[in-house]
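Undergrad:
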Amino acid sequence: MLLFIGQIFPYIAMAVLILGMAWRVRSWLKVPVPFPITIFPAPGTSLGRISAVGKELLLFSSLRRGDTGLWFWAWVMHVALAMIIAGHIVGIYYVTHQFTLIGLTEQASSQASAIIGSIAGVGLLLALIVLLYRRVAIPEVKRLSDPADYFELLLLLAIVVTGMHMRTVSEINLPAIREYLGGLIMLHPVAIPPEPIFMSHFFLVNSLMIYLPFSKLVHMAGFLVNRAMLVEAPPSYPASSGAAGRSSQPAHIVKGGTEL
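In terms of full-length UniProt numbering, the sequence shown is numbered consecutively and its last residue is 260.
1. Around the Cβ of Ile18, are there at least 16 other Cβ atoms within 10 angstroms (buried) or fewer (exposed)?
2. Suppose you measure from the CA of Leu58 to the CA of Asp67; what does that come to, to the nearest Å?
3. In this structure, how does DSSP classify His165 when only helix, strand and coil are distinguished?
4. So, is Asn206 buried or exposed, given that buried needs 16 or more other C-beta atoms within 10 angstroms?
5. Please report the residue range of the alpha helix (DSSP H) in which Ser215 lies.
6. Can you tell me where the alpha helix (DSSP H) holding Leu104 begins and where it ends?
7. Would you mind sorting Tyr150 into buried or exposed? The rule is 16 or more other CB atoms within 10 Å of its CB.
8. Could you have a look at Val76 and say whether DSSP puts it in helix, strand or coil?
9. What are the boundary residues of the alpha helix (DSSP H) that includes residue 263?
10. Let's test the definition: count the other Cβ atoms within 10 Å of the Cβ of Pro196 and tell me whether it reaches 16, buried, or not, exposed.
11. Quick one: what does DSSP say Thr45 is sitting in, helix, strand or coil?
12. For Ile116 versus Met83, is the C-beta distance shorter than 8 Å?
13. Could you tell me the boundaries of the alpha helix (DSSP H) in which Ser62 lies?
14. Can you tell me whether Glu152 is buried or exposed? The criterion is at least 16 other CB atoms within 10 Å of its CB, across all chains shown.
15. Taking 8 Å as the limit between beta carbons, can you name the residues of its chain near Thr105, skipping five residues before and five after?
16. Enumerate in chain order the residues of its own chain whose CB-to-CB distance from Met166 is below 7 Å, with the five nearest sequence positions on each side excluded.
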């Protein structure tokens, strides 16, 4: 069983993630757009259009206007998650020494890595707890929630808890884990490290990778696809005699899209 979890399951998870995401994006692109949704007044320049989409992507502007409390914790969750993913990608190679690239000593880099990683982990943990609480405690949100919503939050919480446990409680062999992950990446698997908490964390992450393409968690890719910026003439609306119709303005067309 350990051989399957440590040497086979990661490759299955990566294959499902890549093929599943390709299938999901292709299915989105094939869906016809029956009518445009025109933002008015539309940004008149490419920079303005990029800025409009960038603000939505980075700041969740429409969510902030609708629900400030949900916006704050959703934003914290996404920022913390992005920091953790980036830290893991870089950390596989540098193992807490990534900040030596900006001139810090190895000791200072290790301290910075620990502090930033802990802040991101605590932020993500708190955000997930609050989002789960909202689904349980707010009647309207609870009514709109389905089992998948709870499963996704609980899976993410399990990943965060096991990750924080490794950072704050367990003494793990980072060089052995680095060698193990490097072997998987280079298609030269090495011995599975005898680290139960790490293997639990890694199994949960691989499970998330398999689940991701078929879940609501893929909404970020959906945003990038569905909010493709098109510059077309907006629909013509009836106008009184002598008044300029809306069709005289350039349009920024946004194809649907999903928000957390």
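Quick reminder that beta carbons are idealized off the backbone N, C-alpha and C, glycines included.
For clarity, every value in this text was computed on a predicted model and none was experimentally measured.
TA: Put simply:
1. Position 18 of the sequence shown, counting from 1, holds the residue named residue 18. Ile18 is exposed by the Cβ-count criterion.
2. Stepping through the sequence shown from its first residue, residue 58 is reached at position 58. Stepping through the sequence shown from its first residue, residue 67 is reached at position 67. Each residue's alpha carbon lies about 16 Å from the other.
3. Reading the sequence shown from its first residue, position 165 is the one you call residue 165. Helix.
4. Your numbering for residue 206 matches position 206 in the sequence shown. The residue in question, Asn206, is buried, as its Cβ has 16 or more Cβ neighbours within 10 Å.
5. One-based indexing of the sequence shown puts residue 215 at position 215. No alpha helix (DSSP H) holds Ser215; DSSP gives it neither H nor E.
6. Within the sequence shown, numbered from 1, the residue matching residue 104 stands at position 104. Element bounds for Leu104: n/a, residue is neither H nor E.
7. Locating residue 150 in the sequence shown gives position 150, counting from the first residue. Under this definition Tyr150 is an exposed residue.
8. Looking up residue 76 in the sequence shown gives position 76. If DSSP states are grouped into helix, strand and coil, Val76 belongs with the helices.
9. Coverage of the chain is limited to positions 1 through 260, which leaves residue 263 absent and any answer about it impossible.
10. The sequence position of residue 196 within the sequence shown is 196, counting from 1. Its Cβ having fewer than 16 others within 10 Å, Pro196 is exposed.
11. On the sequence shown, residue 45 is found 45 positions in, with the first residue counted as 1. Coil at Thr45, not helix or strand.
12. Start at 1 with the first residue of the sequence shown, and residue 116 comes out as number 116. Start at 1 with the first residue of the sequence shown, and residue 83 comes out as number 83. Yes, these two residues count as a Cβ contact at 8 Å.
13. Residue numbering aside, residue 62 sits at position 62 when the sequence shown is read from its first letter. 61-66 is the extent of the alpha helix (DSSP H) around Ser62.
14. Along the sequence shown, one-based indexing puts residue 152 at 152. Its Cβ being crowded by 16 or more others within 10 Å, Glu152 is buried.
15. For the purposes of this step, residue 105 is taken as residue 105 along the sequence shown, with counting starting at 1. Excluding positions up to five away in sequence, the list is empty.
16. Counting from one through the sequence shown, the residue named residue 166 turns up at place 166. Closer than 7 Å at Cβ, skipping near neighbours: Ile172, Ile197, Phe198, His201.
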